[in-house]
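Colleague: All residue numbers for the sequence shown refer to this note's numbering, where the first residue is 170 and numbers rise by one. Where a beta carbon is used, it is the ideal one built from N, C-alpha and C, also for glycine. Note that this is a predicted model, so its numbers are computed, not measured. Before anything else, here's the structure in question.
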Amino acid sequence: MIEVHPFKRRVSELILYIMSLLTQTLERILMWLQANCPSVASFPYPGLTNEQIQELTKDLPFKLSREVKELYQWRNGTLHGQGFFPFSVFYSLEESLDFYYKTVKYEPDDTLLMAPRNSLILFSTDKSFFFVVADKENNNTSQVWVVYTGDHPVICYTSLTNLILMIADCYESGAYYVGSSGFLEEDRSKSDVFFCKYHSEIKNIPDFN
Numbered sequence: 170m171i172e173v174h175p176f177k178r179r180v181s182e183l184i185l186y187i188m189s190l191l192t193q194t195l196e197r198i199l200m201w202l203q204a205n206c207p208s209v210a211s212f213p214y215p216g217l218t219n220e221q222i223q224e225l226t227k228d229l230p231f232k233l234s235r236e237v238k239e240l241y242q243w244r245n246g247t248l249h250g251q252g253f254f255p256f257s258v259f260y261s262l263e264e265s266l267d268f269y270y271k272t273v274k275y276e277p278d279d280t281l282l283m284a285p286r287n288s289l290i291l292f293s294t295d296k297s298f299f300f301v302v303a304d305k306e307n308n309n310t311s312q313v314w315v316v317y318t319g320d321h322p323v324i325c326y327t328s329l330t331n332l333i334l335m336i337a338d339c340y341e342s343g344a345y346y347v348g349s350s351g352f353l354e355e356d357r358s359k360s361d362v363f364f365c366k367y368h369s370e371i372k373n374i375p376d377f378n
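Here is the structure:
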């Protein structure tokens, strides 16, 4: 019987924990939306298999982190205008790759985006794109960056998992809530607390207005 080195075993356990935590938290968000705002809780595009993700990304010059892969194994994007609040769009992997091949790969200094060549957009609002920067390693996590139209990109979330944890806490605490108009709204006095909880070293709190 081949023995696994304790350090390697610990790394494997950590990877499984990160993956299960992300999926569990996504399910928390889904349950809240189904109960409180069902109009944006459909998530009609089923998650991709690991084999499908590998096939779609085989020509990329970089590797997606494990948590980005897990996000797309959970669901493959949403209808536009029905993303994770406060994002209006959660792109399918096909949409993100199409955007990469048409824009990011060839125009990294474009004034619209100005994202590095090894970036993949996951979410957007009316005026902002949120993306991860990857490399050639199989990393577990990815910092999330934001670029506002015509501005330079900055890191805004410590990891995708921490971003999703923050969103779930914001829903469950009332920081994100259904307003009188029937749309999701934000109480910044509450949401800023959760931003600091999960992203204390980040000084650039995203402005969605």
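Skipping 5 residues on each side, what residues in its chain have a beta carbon closer than 7 angstroms to that of serine 189?
Modeller: none
Colleague: Can you give the Cα-Cα distance for arginine 197 and lysine 227, rounded to whole angstroms?
Modeller: 31 angstroms
Colleague: Please state if the CB of leucine 329 and the CB of valine 209 are separated by a distance shorter than 8 angstroms.
Modeller: no
Colleague: Would you decide whether arginine 235 is buried or exposed? Buried here means 16 or more other CB atoms lie within 10 Å of its CB.
Modeller: buried
Colleague: Give every residue of the same chain whose Cβ lies closer than 8 angstroms to the Cβ of leucine 225, excluding the five residues on either side of it in the sequence, and list them in chain order.
Modeller: Leu217, Leu262, Glu263 and Leu266
Colleague: Considering only residues of the same chain and omitting the five flanking positions on each side of lysine 305, which have a CB-CB separation below 8 angstroms?
Modeller: Pro230, Phe231 and Lys232
Colleague: Going by the beta-carbon positions, is the gap between cysteine 325 and proline 375 smaller than 8 angstroms?
Modeller: yes
Colleague: Are there three or more Cβ pairs, one per stretch, closer than 8 angstroms when the region 309-318 is compared with the region 292-299?
Modeller: yes
Colleague: Is DSSP giving lysine 372 helix, strand or coil here?
Modeller: If DSSP states are grouped into helix, strand and coil, lysine 372 belongs with coil.
Colleague: I'd like to check one pair, phenylalanine 364 with methionine 161: are the Cβ atoms closer than 8 angstroms?
Modeller: Shown here, the chain extends from 170 to 378; a query on residue 161 therefore has no answer.
Colleague: Return helix, strand or coil for leucine 329, following the three-state DSSP convention.
Modeller: Assigned with DSSP and collapsed to three states, leucine 329 falls in helix.
Colleague: When DSSP labels each residue in this structure, what does leucine 248 get in the three-state scheme?
Modeller: coil
Colleague: When the Cα atoms are used, what is the spatial distance from proline 207 to serine 288?
Modeller: 32 angstroms
Colleague: Going by beta carbon distance, what residues of the same chain come within less than 6 angstroms of tryptophan 201, once the five residues before and after it are set aside?
Modeller: Tyr340
Colleague: Please report the residue range of the beta strand (DSSP E) in which leucine 353 lies.
Modeller: For leucine 353, the enclosing beta strand (DSSP E) begins and ends at 353-355.
Colleague: By Cβ distance below 8 angstroms, which residues in the same chain neighbour leucine 353 in space, the five residues on each side in sequence not counted?
Modeller: Close CB contacts of leucine 353 within its chain, under the 8 angstroms cut and outside five residues either way in sequence, are with Cys206, Val209, Phe254, Pro255, Tyr345, Tyr346 and Val347 (chain order).
Colleague: CA-CA distance, tyrosine 214 and aspartate 361?
Modeller: 31 angstroms
Colleague: Excluding sequence positions up to five away, which residues of its chain have a Cβ less than 6 angstroms from the Cβ of alanine 337?
Modeller: Thr194, Arg197 and Ile198
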